[in-house]
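Terminal number for the sequence shown in full-length UniProt numbering: 1045, no gaps in between.
Report on the following structure.
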Amino acid sequence: MSQTLYSKTPSVVVMDNRGLNVRTVQYYRHPDTVDLTDERISFSQYTLAGFPERIFSPRQYDLWQRDNSIKPDRASIQSLGGIALRTEGADDGVAAALNDIAGRPVISVDAMGVKRRYLYEENHLAGRLLSITEQAPDQELSVIERFVWSGNSEQEKAYNLVGTCVSRYDTAGCEECQSVSLLGSPLRITRQLLPDDIEADWQGNTPNDWNTSFSGNVSENSFTTYMTTDVTGALLTQTDAMGNQQRYEYDRAGQLKSNWLTPAQGEEKNIISSLTYSAAGQILTQKDGNGILTTNLYEQKTQRLSESRVERPSNHLSGAAILQNFHYKYDPVGNVVSVYDHAQAVRYWRNQKISPESQYTYDSFYQLISATGREMSALSGSISSLPSPLIPVSNGDDVYTNYIRHYTYDRGNNLTQIQHNASGSGNNHVTSLTVSSRNNRAVLSTFTTDPEQVDTWFDAGGHQTSLLPGQKLGYNQRGELSRVTPVSRDTEMDEEWYRYNEDSQRLVKVSQHLNGNTQRKARTVYLPGLELRTMFRGNTLNEELHIITVGHVRLLHWVSGQPAEIKGDQLRYSYSNFTGSSAMEVDEFGKVISQEEYYPYGGTSIWTVRNQTEAAYKFHRYSGKERDATGLYYYGLRYYQPWAGRWLSADPGGIIDGLNMFSMVHNNPVNGTDSDGGASLMSNVITLIGGLFNNGFSLPSFSGPSFSWPSLSLTSLFDFDFSFDFSPVGAVKKIAGPAVKFVYKKAYKKLLNYALSKAKTEQQKRNIIRGFRGVSVGVGVAVAIAGVVSSAGLAIPVAVGVVAAGGAIAGAIGVFAGPISRSLSKVYAKLFRGRTAAHLSTATGNFMAGGSVGSAAVAHGVTSMNDPVLKRQGRTGEYRSVAGVEVGIASGTVSAVLNDDLVKSGIAASAAAMGSQVSESQKTLEGVGDVAATAAIEGALAGRKLAKALGLRSLAARATETVAEVATNVDISSASLVENSSTAIYAHGKTFLHVRTEDTNNFEAFRNIEETLPADGDAGWLSGTLENVWGWFSWSRNQNQESFA
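As structure tokens, this is what we get:
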């Protein structure tokens, strides 16, 4: 990393007298011109009430200064309470919304002029959502969603359906939930699809009226999925609509241990045999059912992935071989600078040394500006087509050549040019984009080179209307891509069209094209863990294929039309690179099917296969996403153009991922990922929280606020490093540092135990934990500030005042983290879609409670599993957003108070999630995070006492266990097991009791139980109650299993 490139390039924030950010000044440098510094100013304006009114990026600010008619990146008008009533974006247009007195949306109008109205139950009822109507300009009003809520019959009680949304009619058809567990996890779901030629319009008053839309053979378009879960809500089995069953097994920490797949007409197949994890939750080794072993190594200090090796071990039936061996190097901030695959050979061709290595260079904003690698020598400059693969996998030296790509960006962070050079093969070309003179919309320069004309290729909502010149794009009334027409004719056109559910997730894809005089049609239906693909030649069914997906493995089962070159029920194991792209496919015998390498922004540079027939059945490629026949990658909320390095439409979540709504992962595709097209997650954060992108494991996409405060916990407060100081004073510090830390921790825990023992009510305990949380956050921030001001040359009294003020403010935020976070979560719910708001709220709750990066990852993992359950229950967007806050608060609080104990943070988060699922109202839900955290901390302290009483914390016991752990590489600490078990029982038990007590005012049994709970975390109570609690959990599990007996 060049020191000159980053020298004197601070980010300067200017605040007004209210502490609001009105200017941000950044200094940009390019490695090729380190002597030139570009000052870039972002500008913000606020209302008198302190709400954001206008926000300008540097490029938009420059344009606005020259022309006042230029729109800001974001302008908004809020209600007195801060709820956005009208928003206007340069990229995505104007939108407005009105809410009722309860904060529920009533009417909204988007940039395309589509009006939506929301109808709720009458005031004397629960006020649940009943329907959503939609009307586009000059179109008839249609009912695009209906919600059917369960009653109180005996059958509904038997399946735990009371109070849940049992049927939801959406734009794709109807989804019916027919059974849920006691924790709210769905156990049986049926999806019924509308015929391809019918659009959703649920007119009428009863389900009988609505069901008339399902014409023809209903059973052909009806699909049922069955699930079973354990007492924590973790998935045990899933049986898809075709009868294929997936089975999962977990270790005692709740991490996946192994899984299996049983085809509907076959024997059970082992998918993953074993997994081992590091203390940070990172995957160390993975043994697959085909005998392939994956080993991951991490840098000791940074925990970044340093090596990922995929191999057939020495005892493999197909012979030992290293199939993939990525070595990673990073710059100091965590950007990948090189990737070398030691499993591939160095080749020589035309005086070039062609190494299996990619190198990356960045500017001062960490945008990718150049990349080197290797590509197939026969490649041409084709933009969107997939290159023909090389056959066989192993080829001669003349098939590869080196390439280098240079990337250019404007002041708005728009990618404007990709310059490609491959001197060995002569494959040199330039892809240029023209950016609008009024916003961040851009098209290939083959459309136009006039910035004033760019907006003509977009609609008012920021959706690109042509893919390539002559290829039309169509969108539905929700702004979802609905149709692509690559070739237009007077008769039959080549086209691909799509249908989505209520969460904008694709359920149906139909592609048709003319081959000679024959019309070919391919139809894909996407179901949980299953894809149903059919191919027609004319009106004749030519092929029917079922693809069962289990993590990183896909099983291909042909009902008809199986190719002769492919074995029946073929298993394909996909092994990914560090960004989640499918780099290698291996069959069930451990033999390579295909290998693929990619350019940084997508597009295939190398593709080798075993045979051409198998190549046609690889559907998931770059970032692990499906590549359509159009060349677009489908991410979930929108589509990505790899040849342009940008999204096809503006971010549906608004400016949650930055002011440029078209930018792909902040122009850093080597280190960033985007799981659903909504918000990016940088991989240098991912490596800190588990390296989970290997081999099909991925984190949920979340979009937390860009906080500049440090995330601190008690473990960091006294971690002094004096390793280079050998003076007498330094020696004293070496001893004093750990000593102070040890004394501090001991005193802290004793004080916490003492304070909780004096509490007489549950509310007093929660207040005590809030206080300790405030102290932890305040002390942590004060220490951080002290480290800054100590080098600022301030007078001692001033420095002390700054430290004290900063710590006091942070401490106050820690104490009142709940109310502050909940208020923000309700704002998020109005601005963003369901799961985006939930994850943003989770990040806010964790941060406000003083959580760490690790506890944030844990909380987001829980929210990613909890939010779909709440959606299935029919909870409102605001309820789901508040639930995210409570999960974040629970995880962050335990992290702050218990020294970043991620296991206990996860337990507290899961308890809060459980509380959100069983709660009957949002009022009851609010505060569950504090309840779960307090109970978890109580349980941890009680478990520690019990472990000590049982002699499990003695020196001899720990010495014996340590030897065993080293020998087996498995954590078998009995003391930890007791503590974590106690934490789980306290957290889930007390949270459940609290929620049920609040919801059922006449539920005296629960009231009496809560009032008689011990006030001092007595370990005796734990040991005396274990049997009763386990009995309740066993009963609930049996009820779930007997539901379909």
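For glycine and all other residues, C-beta sits at the position ideal for the given N, C-alpha and C.
The C-alpha of VAL897 is placed about 7 Å away from the C-alpha of PHE772. In its chain, beyond the 5 residues on either side, GLY127, ARG128, LEU130 have a beta carbon closer than 7 Å to the beta carbon of GLU121. Cβ atoms of HIS860 and ALA911 stay farther apart than 8 Å, at about 16 Å.
Scanning THR416, ALA460, GLY874 for the CA closest to the CA of VAL443 turns up THR416.
DSSP places ILE547 outside any alpha helix (DSSP H); the residue lies instead in the beta strand (DSSP E), whose first and last residues are 540-550. Between SER338 and GLU357, the gap from beta carbon to beta carbon is short of 8 Å. Here the alpha carbon of GLY850 sits roughly 11 Å from the alpha carbon of ALA890. The alpha carbon of ALA460 has as its nearest neighbour, out of ALA908, GLN922, GLY89, the alpha carbon of GLY89.
Judged by their CB atoms, GLY529 and VAL550 are nearer to each other than the 8 Å cut-off. TRP202 is bridged by DSSP to nothing; it lacks a bridge partner. Within the model, the alpha-carbon separation for ILE83 versus VAL827 is close to 6 Å. Going by beta carbons, ILE272 and GLN286 fall inside the 8 Å limit. Sequence-distant Cβ neighbours of THR446 in its own chain, meaning closer than 8 Å and more than five residues away, are LEU468, PRO469. Sixteen is the threshold: since fewer than 16 other Cβ atoms of the shown chains lie within 10 Å of the Cβ of HIS124, the residue is exposed. Counting along the chain, SER142 sits inside the beta strand (DSSP E) bounded by residues 142-149. Contact annotation: THR836 and ILE985 have beta-carbon atoms that are not nearer than 8 Å.
Contact check for LEU555 and LEU261: beta-carbon distance about 6 Å, within the 8 Å limit, so the pair qualifies. In the assembly as shown, GLU154 is an exposed residue. Its beta-carbon has fewer than 16 other beta-carbons within 10 Å.
The alpha carbon of PRO868 has as its nearest neighbour, out of SER855, THR431, ALA838, the alpha carbon of ALA838.
When the five nearest sequence neighbours on each side are left out, the beta carbons in the same chain lying within less than 6 Å of the beta carbon of VAL166 are those of VAL148, SER150, CYS177, in order along the chain. Looking at ALA812, ALA616, ALA49, ASN402, the one whose alpha-carbon comes closest to that of ASN428 is ASN402. The Cβ atoms of TYR348 and SER377 do not sit closer than 8 Å to each other. Relative to MET865, the option among GLY854, ARG880, SER852 whose CA is nearest is ARG880.
About 17 Å separates the Cβ atoms of PRO669 and LEU305, ruling out a contact at the 8 Å cut-off. Sorting PRO58, LEU36, VAL34 by C-alpha distance to the C-alpha of GLN26 places PRO58 at the top. One thing to note: THR224 has its Cβ within 8 Å of the Cβ of ARG188. Taking the Cα positions, VAL430 is about 9 Å away from ASN421. Looking at the DSSP output, SER466 bridges to LYS472.
In the DSSP assignment, PRO52 falls within the unbroken beta strand (DSSP E) covering 52-56. The beta carbon of ILE809 sits closer than 7 Å to no other beta carbon from its chain once the five residues preceding and following it are set aside. In the DSSP assignment, GLU886 falls within the alpha helix (DSSP H) that extends over 877-897.
Between the segment 284-299 and the segment 559-566, the count of Cβ pairs shorter than 8 Å is below three; the stretches do not touch.
Within the segment 93-166, complete beta strand (DSSP E) segments of at least 3 residues are found at 93-99, 105-109, 115-120, 129-135, 142-149, given in chain order.
Distance from the CA atom of LEU48 to the CA atom of LEU98, rounded to whole angstroms, is 21 Å.
Around the Cβ of MET15, a 10 Å sphere holds fewer than 16 other Cβ atoms; the residue is exposed. Per DSSP, the continuous alpha helix (DSSP H) segment holding LYS826 begins and ends at 817-831.
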